[in-house]
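Novice:
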Amino acid sequence: MSQLGIPKTYDHRAVEGRIYAEWERRGAFDADPNPRKEPYCIVLPPPNVTGALHMGHALNGAIQDTLTRRARMKGYDALWLPGVDHASIALQNVVERKLLREEGKSRWDVGREEFVERCRHFAEDARSQILGQLKRLGASVDWRRLRYTMDDDYVDAVLTAFIELYEAGLIYRGNRIVNWCPHDRSAISDLEVNYEEVNGRLYGLRYPFVDGRGAGPDGRAYVQVFSTRPETMLGDVALVVNPDDERYTDLVGRRVVIPFVEREIEIFADEYVDPSFGTGVLKVTPAHDPNDFEIGGRHGLEPVNVLERDGTINAHGGPFAGMTREEARRAVVQGLDERGLLGEVEDYRHRVGHCDRCGTIIEPWLSEQWWVDMKVLAAPAIEALNSGEITVYPDSWRRETIRWLEGIHDWNVSRQLWWGHRIPVWYGPDGDAVASKESPGEGYEQDPDILDTWFSSGLWPFATLGWPKETEDLAYFYPTSLLSTAREIMYLWVARMIMMGLRFRGEVPFEKVNVHSIVLAEDGTKMSKSKGNTIDPLVLIEEYGADAVRFGLLYQSSTQDFAYSYERADLGRSFVTKLWNATRFVLAYDNEGEEPRETSPADRWILSEFNRTVRDYDALLEECEFSEAMRLLYGFAWNQFADWYIEIAKAAPSPATPRILREVFLGTLELLHPVMPFATEEMARVLGERELLVRHSFPRYEASLEDEGADRLLDRTKRAVSAVRSFRAESKVEGDLEGRVSGEVDLSVFGALAGVKTVESPDGAAKATLPAGDAVVELVLSEELRRGEIERLRKEISRVEREVERARAKLANEKFVAKAPAAIVSGEREKLDVNTRMLETLIRRLDEYL
RNA sequence: GGGCGAUUAGCUCAGGGGGAGAGCGCUUCCUUGACGCGGAAGAGGUCAGUGGUUCGAAUCCACUAUCGCCCACCA
């Protein structure tokens, strides 16, 4: 403890928990519809219940909290609504792995009911973790309103939405190729398939002619086709060649036999075939390839599905039935080889789809699924994005999203998983299907499938506010103000919220979308648990404090992804320390009386500077320019307020300085509070503020505080001071000096900070002449410094000469004078003028010495 | 195969038509009424390359190189 009675250093560990509890106790984050206020609402992108806070959450949390706290301080009725997502496939995978590890059982061993129960319990245990972590970050969410996608009310919203879309004919059942994960035994969406380059093989498969005429293209008795998945030949229904491929014209219409299963298939002509790939002959497997499905359809061919749900070969696979797909691949290749039907085998690098959640290789698989007709839903969303009804930061993502929506495919929303919202369709005894929340009656069986987790997430901005009930919350807070998110879920989630919001509310779900950077690992690659390069925000918070981490993240966040650097947390921590020490200074500073007293130019300058900072900072936050905003505020607080005004307060105060000092500092804390809530709150408390800072008003720009005269005066004064300091450092001059400044400066500030006593006409053996902007400082020197001054003057002269030359050349250019904006031209003239006079002065001084 | 973005000081990154910026690191000095997680003064950059537009380009355009990311049903 210092003599001030407050700790010498700020200890975030001792402060943050206490302050968060205080905010909660005082209901500082509670928001309820208030007709006398304007609403401001952000819904938290619901983290997965299974998740732990990662750097992306920390960054997005900092962004949302900053915007919410700012809105709250600006007088809005600001709601930041928290929630968690049940994370269907992700959580199911976690619970399955646990079950296998701990009990050696699969989900089928325990049965659906029991398994879902376990998922429910696991989710309940897990969800408190990430919520606690949000508190550590300082998130000012209204905890009374915590939502969960498996809450009864939310489930009701999901079922309502499904039934409405179903009844409108926008949800239908269809037999199509889907991305099938044999491990999860479920369909997954296109967006959940990761394509990875793998080293595979291209196998030459030979199909003997049925008629045995032996008149293949080159006299052979077979047709060769290249495939990366030989086992799928068991499901072939045709071969196709390009109709324009002259090599194969007489092949069309002939028949070949599929080895092993001995099925005869015909050779067709189809435009789809690329003659330049492989042999120019393509095998058609409609049940296991989306293109083949189309081709098969064009030729009226019945698909043959050879895979079970778990990826093993089914009865259609003849001798290979029961094998896994990998076993079947080897066995088919070996069998072909034995029969002399294996052609060339080439190494082949290609992209193979993997399940986003479990990493299993995806099989395109024909199955009966539920689909959402997206074209109809996308049209209004495209319109809303085109018209600017939704603003996206940065705008390039608005255009990207429109492009994606324009090429949208129907959405497969059914999953053959167990953890999730069960599809509310019931099949009756007579084969009828009814969409209903409850069983329509005796003998009805509910569809076993559940919904894609993103179907429920798509309703998030309004289902969390009470929909389908027409609640007061919904009327007041919807549409929400802003959604902040990582770009990786723009299509998966954001685009769907827009479509669902327009469909069910007739209004966009949010006015603005902020697409934030992705936080990469220190080496610039993506953070991933498997690579072991993740950074845990909680560890950072523990070490640096939540405020430092938040400031560091925002300081570094722009539209570009960035490699996380601990330096930024360091920067944040140094900043907190700097502010803490400023707090101690302000507290200890003589602070008497409240009555207005006469201000000095320095007082008016700092007010003016602060006021401009308020205006620019607020505008930057409004545009989600967080990095710029942080740099601006940091620069003001450190380089203007602390470096200059505090020094002025020490050395050349006015009667009003105590008041202005405190006022501006408190205002700075208010500006910073949305970003660094804990430390600023503590500083305000230490300063004796009676009201919590979280409840203060955000500073407002006031035109009357602009003071150009004071700005110019202090600018010149600071330059003069710096010129003297620079001279002292270079010439190694210590102690007080005498001198004079030509050009108007604040003499008391100059004298005190430069250590120069001003005299009418500086007299002495030698004089130093220092350019300081448009002013000149002259200092009385001792004789021994004379030689050094000559050298210094020569350097200055050549520097100023270059400046003069540059401006002169520019102004000599007739085209420049004619075409450049008047302000630029007059600016150059002024510079030329100032520098010319400066040059004359310097040369005159040099002459005096020589 | 398409699309988007990046390349700026030793490092991590801002900026973005009119005299190159920050933090860290580096050099010199400094316990001056808060702060050494500090203060003062410095060194350090043909803003990837080539062409173009312009009175003027690090900034806009084109191409090239390198590196990322997203999207796509080529066996």
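Heads up: the first sequence begins at 1 in the numbering used here, then just goes up one per residue. Just so it is clear, CB atoms sit at the ideal spot from N, CA and C, and this is done for glycine as well.
Could you pull the start and end residues of the beta strand (DSSP E) that Gln224 belongs to?
Specialist: Along the first sequence, one-based indexing puts residue 224 at 224. Taken as a continuous stretch (DSSP letters only), the beta strand (DSSP E) holding Gln224 covers Tyr222 to Ser227.
Novice: Any idea what DSSP makes of Met1, helix, strand or coil?
Specialist: Sequence index remark: in the first sequence, residue 1 carries index 1 (1-based). A caution first: Met1 carries a pLDDT of 38, below 50, which makes its placement in the model too unreliable to give a value.
Novice: Tell me whether Gly200 sits in a helix, a strand or coil according to DSSP, three-state version.
Specialist: Sequence index remark: in the first sequence, residue 200 carries index 200 (1-based). In the structure shown, Gly200 sits in a strand (DSSP, three-state: E or B).
Novice: List the DSSP bridge partners of Ala853.
Specialist: This structure does not reach residue 853, given that the chain is present from 1 up to 850, and the question cannot be answered.
Novice: Does Val392 come out as helix, strand or coil in the three-state DSSP assignment?
Specialist: On the first sequence, position 392 is the one that residue 392 refers to. Note: Val392 maps to strand in three-state DSSP.
Novice: Excluding the five sequence neighbours on either side, which residues of its own chain have a C-beta within less than 7 Å of the C-beta of Lys135, listed in chain order?
Specialist: Locating residue 135 in the first sequence gives position 135, where the first residue counts as 1. Excluding positions up to five away in sequence, the list reads Tyr20.
Novice: Could you pull the start and end residues of the beta strand (DSSP E) that Gln640 belongs to?
Specialist: For the purposes of this step, residue 640 is taken as the residue at position 640 of the first sequence. Note, Gln640: premise wrong, no beta strand (DSSP E); not H, not E.
Novice: CB-CB under 6 Å to Gln369, same chain, minus the five flanking residues each way: which ones, in chain order?
Specialist: Indexing the first sequence from 1 puts residue 369 at position 369. Excluding residues within five positions, the ones whose Cβ falls inside 6 Å are Val178, Ala187, Asn412 and Ser414.
Novice: Quick one: is Arg69 buried, meaning 16 or more other Cβ sit within 10 Å of its Cβ, or exposed?
Specialist: By 1-based counting over the first sequence, the position of residue 69 is 69. Buried.
Novice: Checking 8 Å against the spacing of the C-beta atoms, do Leu492 and Gln92 come in under that value?
Specialist: Here the question's residue 492 lines up with position 492 in the first sequence. Here the question's residue 92 lines up with position 92 in the first sequence. Cβ distance not < 8 Å, so Leu492 and Gln92 don't count as in contact.
Novice: So, helix, strand or coil for Ser189, using DSSP?
Specialist: By one-based count along the first sequence, residue 189 stands at place 189. Reduced to three states, the DSSP call for Ser189 is coil.
Novice: Please return the same chain residues whose Cβ sits closer than 7 Å to the Cβ of Phe585, not counting the five positions on each side in sequence.
Specialist: Within the first sequence, residue 585 is the residue found at index 585, counting from 1. These residues qualify, in order along the chain: Ile646.
Novice: Decide if Glu609 is buried, meaning its Cβ has at least 16 other Cβ atoms within 10 Å, or exposed.
Specialist: Counted from its first residue, the first sequence places residue 609 at position 609. So Glu609 counts as buried.
Novice: Once you ignore the five residues that flank Arg845 on each side, which residues in its own chain have a CB closer than 8 Å to its CB?
Specialist: Within the first sequence, residue 845 is the residue found at index 845, counting from 1. Counting only Cβ-Cβ distances below 8 Å, and skipping sequence neighbours, we find Lys767, Thr769 and Leu793.
Novice: When burial is assigned at 16 or more other CB atoms within 10 Å of the CB, is Gln334 buried or exposed?
Specialist: As a working note, residue 334 is residue 334 in the first sequence. So Gln334 counts as exposed.
Novice: In angstroms, rounded to a whole number, what distance separates the CA positions of His86 and Pro45?
Specialist: To locate residue 86, count along the first sequence from 1; it is residue 86. To locate residue 45, count along the first sequence from 1; it is residue 45. Straight-line Cα distance between these residues: approximately 13 Å.
Novice: By Cβ distance below 8 Å, which residues in the same chain neighbour Met374 in space, the five residues on each side in sequence not counted?
Specialist: Residue numbering aside, residue 374 sits at position 374 when the first sequence is read from its first letter. Answer for Met374: Ile408, His409, Asp410, Trp411 and Met499, listed in chain order.
Novice: With a CB to CB cut of under 6 Å and the five nearest residues on each side skipped, what residues in its chain are close to Leu665?
Specialist: Locating residue 665 in the first sequence gives position 665, where the first residue counts as 1. A small fix is needed here, since residue 665 is Phe in this sequence, not Leu. The answer, listed in chain order, is Val586.
Novice: Tell me which same chain residues have a C-beta within less than 6 Å of the C-beta of Val193, skipping the five on either side of it?
Specialist: Mapped onto the first sequence, residue 193 falls at position 193. So the qualifying residues of the chain are Asn179, Gly353 and Ile362.
Novice: Tell me which residue opens and which closes the alpha helix (DSSP H) that Pro364 is part of.
Specialist: Sequence index remark: in the first sequence, residue 364 carries index 364 (1-based). Where Pro364 is concerned, there is no enclosing alpha helix (DSSP H), although the beta strand (DSSP E) it sits in stretches over Glu363 to Val372.
Novice: So the alpha helix (DSSP H) His354 belongs to, where does it begin and stop?
Specialist: Taking the first residue of the first sequence as 1, we reach residue 354 at position 354. Careful: His354 lies outside any alpha helix (DSSP H), inside the beta strand (DSSP E) at Leu342 to Cys355.
Novice: In or out: Trp108 buried (at least 16 other Cβ within 10 Å) or exposed?
Specialist: Walking along the first sequence from the start, residue 108 turns up at place 108. Burial call: exposed.
Novice: Is the beta carbon of Thr680 sitting closer than 8 Å to the one on Leu687?
Specialist: Here residue 680 is taken as the residue at index 680 of the first sequence, counted from 1. Here residue 687 is taken as the residue at index 687 of the first sequence, counted from 1. Cβ atoms of Thr680 and Leu687: not closer than 8 Å.
Novice: For Leu165 and Ser436, I'd like the C-alpha separation in whole angstroms.
Specialist: One-based indexing of the first sequence puts residue 165 at position 165. One-based indexing of the first sequence puts residue 436 at position 436. Answer to the nearest angstrom: the Cα atoms are 12 Å apart.
Novice: Determine the DSSP secondary structure at Leu692, reduced to helix, strand or coil.
Specialist: Locating residue 692 in the first sequence gives position 692, where the first residue counts as 1. Residue state, collapsed to three classes: coil.
Novice: With the cut-off set at 8 Å, would you say Trp467 and Met497 are in Cβ contact?
Specialist: Start at 1 with the first residue of the first sequence, and residue 467 comes out as number 467. Start at 1 with the first residue of the first sequence, and residue 497 comes out as number 497. The answer is no: Cβ separation not under 8 Å.
Novice: Would you decide whether Asp11 is buried or exposed? Buried here means 16 or more other CB atoms lie within 10 Å of its CB.
Specialist: As a first step, residue 11 must be located in the first sequence, where it is residue number 11. When all chains shown are included, Asp11 counts as exposed.
Novice: Have a look at Arg176 and Met527 and give me their C-alpha separation to the nearest angstrom.
Specialist: Counted from its first residue, the first sequence places residue 176 at position 176. Counted from its first residue, the first sequence places residue 527 at position 527. Looking at the two C-alpha atoms, the distance is approximately 36 Å.
Novice: I need the boundaries of the beta strand (DSSP E) containing His516, first residue and last residue.
Specialist: Start at 1 with the first residue of the first sequence, and residue 516 comes out as number 516. Where His516 is concerned, the enclosing beta strand (DSSP E) stretches over Phe510 to His516.
Novice: Enumerate in chain order the residues of its own chain whose CB-to-CB distance from Ser2 is below 8 Å, with the five nearest sequence positions on each side excluded.
Specialist: For this step, residue 2 is matched to residue 2 along the first sequence. Confidence in Ser2 is poor, its pLDDT being 44 and thus under 50, which makes the residue's placement too unreliable to answer from.
Novice: Tell me whether Lys757 sits in a helix, a strand or coil according to DSSP, three-state version.
Specialist: Along the first sequence, read from residue 1 onward, the residue named residue 757 stands at position 757. Lys757: strand per DSSP, three-state reduction.
Novice: Going by CA-CA distance only, name the one from Ala78, Arg13 and Leu59 that's closest to Ile42.
Specialist: Locating residue 42 in the first sequence gives position 42, where the first residue counts as 1. When only C-alpha atoms are compared, the closest one is Ala78.
Novice: Could you tell me the boundaries of the beta strand (DSSP E) in which Trp876 lies?
Specialist: Only positions 1 to 850 of the chain appear in the structure, and residue 876 is not among them; the question remains open.
Novice: Measuring only the C-alpha atoms, how far is Thr485 from Ile265?
Specialist: Locating residue 485 in the first sequence gives position 485, counting from the first residue. Locating residue 265 in the first sequence gives position 265, counting from the first residue. Computed Cα separation, rounded: 51 Å.
Novice: Quick check on DSSP: helix, strand or coil for Ser436?
Specialist: Taking the first residue of the first sequence as position 1, residue 436 is located at position 436. Residue state, collapsed to three classes: coil.
Novice: Is the beta carbon of Arg229 less than 8 Å from the beta carbon of Leu377?
Specialist: Stepping through the first sequence from its first residue, residue 229 is reached at position 229. Stepping through the first sequence from its first residue, residue 377 is reached at position 377. No, Cβ-Cβ distance for Arg229 and Leu377 is not below 8 Å.
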